[in-house]
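Those letters in the sequence shown? Residues 12 to 135, per my numbering, in order.
Ideal Cβ placement from N, Cα and C applies to all residues, glycine included.
Here is the structure we will look at, set down as C-alpha coordinates.
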Amino acid sequence: MPNWVAALVLAAFISGALIHRAWRRHRERRAAARRVVEKPNSYYFPKHVQDQFDREWYESIRLDHLHEVNREEVERLLARIRAEGLDSLRRDERAFLERIARLEAARERRGTQPPPGDPWPRPA
(Lines of atoms letter the chains of each structure in order from A; the text may use other names.)
(Lines give C-alpha, C1' and ligand atoms only; values in the text may rest on other atoms or scores of the structure.)
Protein backbone atom coordinates (compact mmCIF):
# COMPACT_ATOMS: atom_id res chain seq x y z
CA MET A 12 0.00 0.00 0.00
CA PRO A 13 1.46 3.35 -0.97
CA ASN A 14 2.49 5.68 1.79
CA TRP A 15 0.03 8.43 0.83
CA VAL A 16 -2.95 6.04 1.17
CA ALA A 17 -1.97 5.22 4.76
CA ALA A 18 -1.67 8.94 5.49
CA LEU A 19 -5.11 9.53 3.94
CA VAL A 20 -6.69 6.74 6.04
CA LEU A 21 -5.05 8.13 9.17
CA ALA A 22 -6.27 11.66 8.37
CA ALA A 23 -9.82 10.36 7.77
CA PHE A 24 -9.77 8.46 11.05
CA ILE A 25 -8.52 11.49 13.02
CA SER A 26 -11.06 13.77 11.30
CA GLY A 27 -13.89 11.37 12.13
CA ALA A 28 -12.80 11.18 15.76
CA LEU A 29 -12.64 14.99 16.03
CA ILE A 30 -16.07 15.40 14.40
CA HIS A 31 -17.54 12.77 16.73
CA ARG A 32 -16.06 14.50 19.77
CA ALA A 33 -17.38 17.89 18.66
CA TRP A 34 -20.85 16.41 18.08
CA ARG A 35 -20.92 14.83 21.55
CA ARG A 36 -19.87 18.11 23.19
CA HIS A 37 -22.60 19.92 21.25
CA ARG A 38 -25.25 17.41 22.40
CA GLU A 39 -24.09 17.65 26.03
CA ARG A 40 -24.22 21.46 25.98
CA ARG A 41 -27.66 21.45 24.37
CA ALA A 42 -28.97 18.99 26.98
CA ALA A 43 -27.48 21.08 29.80
CA ALA A 44 -29.10 24.23 28.41
CA ARG A 45 -32.51 22.53 28.29
CA ARG A 46 -32.23 21.09 31.79
CA VAL A 47 -34.30 23.01 34.33
CA VAL A 48 -32.90 23.05 37.83
CA GLU A 49 -35.14 24.53 40.48
CA LYS A 50 -33.44 27.39 42.24
CA PRO A 51 -33.84 27.56 46.03
CA ASN A 52 -35.69 30.89 46.11
CA SER A 53 -37.77 30.54 43.01
CA TYR A 54 -41.37 31.57 42.44
CA TYR A 55 -42.47 27.95 42.02
CA PHE A 56 -44.30 26.18 44.86
CA PRO A 57 -44.95 22.45 44.96
CA LYS A 58 -48.60 21.49 44.49
CA HIS A 59 -49.22 20.60 48.14
CA VAL A 60 -47.80 23.96 49.29
CA GLN A 61 -49.91 25.86 46.74
CA ASP A 62 -52.98 23.89 47.83
CA GLN A 63 -52.29 24.83 51.46
CA PHE A 64 -52.01 28.52 50.52
CA ASP A 65 -55.24 28.33 48.52
CA ARG A 66 -57.07 26.56 51.32
CA GLU A 67 -56.02 29.21 53.84
CA TRP A 68 -57.03 31.92 51.38
CA TYR A 69 -60.47 30.36 50.87
CA GLU A 70 -60.93 29.92 54.63
CA SER A 71 -60.22 33.63 55.13
CA ILE A 72 -63.35 34.64 53.18
CA ARG A 73 -65.62 36.60 55.53
CA LEU A 74 -68.99 34.96 55.17
CA ASP A 75 -70.86 37.84 56.82
CA HIS A 76 -69.99 40.04 53.81
CA LEU A 77 -71.58 37.68 51.28
CA HIS A 78 -75.07 37.50 49.90
CA GLU A 79 -77.10 34.60 51.29
CA VAL A 80 -76.93 32.57 48.07
CA ASN A 81 -73.18 33.06 47.71
CA ARG A 82 -72.69 32.37 51.42
CA GLU A 83 -74.46 29.01 51.19
CA GLU A 84 -72.39 28.03 48.15
CA VAL A 85 -69.11 29.07 49.82
CA GLU A 86 -70.03 27.19 53.02
CA ARG A 87 -70.87 24.08 50.98
CA LEU A 88 -67.56 24.25 49.09
CA LEU A 89 -65.52 24.90 52.23
CA ALA A 90 -67.15 21.92 53.96
CA ARG A 91 -66.27 19.77 50.96
CA ILE A 92 -62.67 21.02 51.03
CA ARG A 93 -62.39 20.16 54.73
CA ALA A 94 -63.85 16.70 54.16
CA GLU A 95 -62.29 15.66 50.84
CA GLY A 96 -59.53 18.17 50.05
CA LEU A 97 -59.04 20.71 47.28
CA ASP A 98 -58.73 18.07 44.56
CA SER A 99 -62.41 17.22 45.03
CA LEU A 100 -63.48 20.59 43.59
CA ARG A 101 -64.38 20.95 39.93
CA ARG A 102 -62.72 23.67 37.89
CA ASP A 103 -65.79 25.93 37.96
CA GLU A 104 -66.17 25.54 41.74
CA ARG A 105 -62.55 26.46 42.31
CA ALA A 106 -62.93 29.44 39.96
CA PHE A 107 -65.97 30.56 41.97
CA LEU A 108 -63.96 30.46 45.21
CA GLU A 109 -61.09 32.33 43.52
CA ARG A 110 -63.45 35.10 42.41
CA ILE A 111 -65.06 35.40 45.84
CA ALA A 112 -61.67 35.44 47.62
CA ARG A 113 -60.30 38.01 45.15
CA LEU A 114 -63.34 40.25 45.67
CA GLU A 115 -63.00 39.89 49.44
CA ALA A 116 -59.30 40.83 49.27
CA ALA A 117 -60.16 43.90 47.16
CA ARG A 118 -62.88 44.88 49.64
CA GLU A 119 -60.41 44.67 52.53
CA ARG A 120 -57.85 46.78 50.65
CA ARG A 121 -60.46 49.48 50.08
CA GLY A 122 -61.71 49.17 53.64
CA THR A 123 -65.36 48.99 52.65
CA GLN A 124 -67.85 47.10 54.76
CA PRO A 125 -71.58 46.57 54.44
CA PRO A 126 -73.68 49.23 56.16
CA PRO A 127 -74.48 48.43 59.82
CA GLY A 128 -77.83 46.82 60.41
CA ASP A 129 -78.24 45.74 56.78
CA PRO A 130 -79.56 42.14 57.00
CA TRP A 131 -78.86 41.50 53.30
CA PRO A 132 -75.28 42.50 52.46
CA ARG A 133 -74.60 43.24 48.82
CA PRO A 134 -73.56 40.22 46.75
CA ALA A 135 -69.85 39.89 46.12
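Looking only at its own chain, which residues have a Cβ that is under 8 Å from the Cβ of residue i, when we skip the five neighbours before and after it?
{"i": "residue 112", "result": "68, 69, 71, 72"}
{"i": "residue 99", "result": "91, 92"}
Which term fits residue i, buried or exposed, when burial requires 16 or more other beta carbons within 10 angstroms of its beta carbon?
{"i": "residue 115", "result": "buried"}
{"i": "residue 85", "result": "buried"}
{"i": "residue 30", "result": "exposed"}
{"i": "residue 101", "result": "exposed"}
{"i": "residue 14", "result": "exposed"}
{"i": "residue 77", "result": "buried"}
{"i": "residue 108", "result": "buried"}
Please list, in chain order, all residues of the same chain as residue i whose beta carbon is under 7 Å from its beta carbon, the five residues on each side excluded.
{"i": "residue 65", "result": "97"}
{"i": "residue 118", "result": "76"}
Taking 6 Å as the limit between beta carbons, can you name the residues of its chain near residue i, skipping five residues before and five after?
{"i": "residue 82", "result": "74"}
Whole alpha helix (DSSP H) runs in the region 52-89 with 4 or more residues, listed along the chain? 58-70
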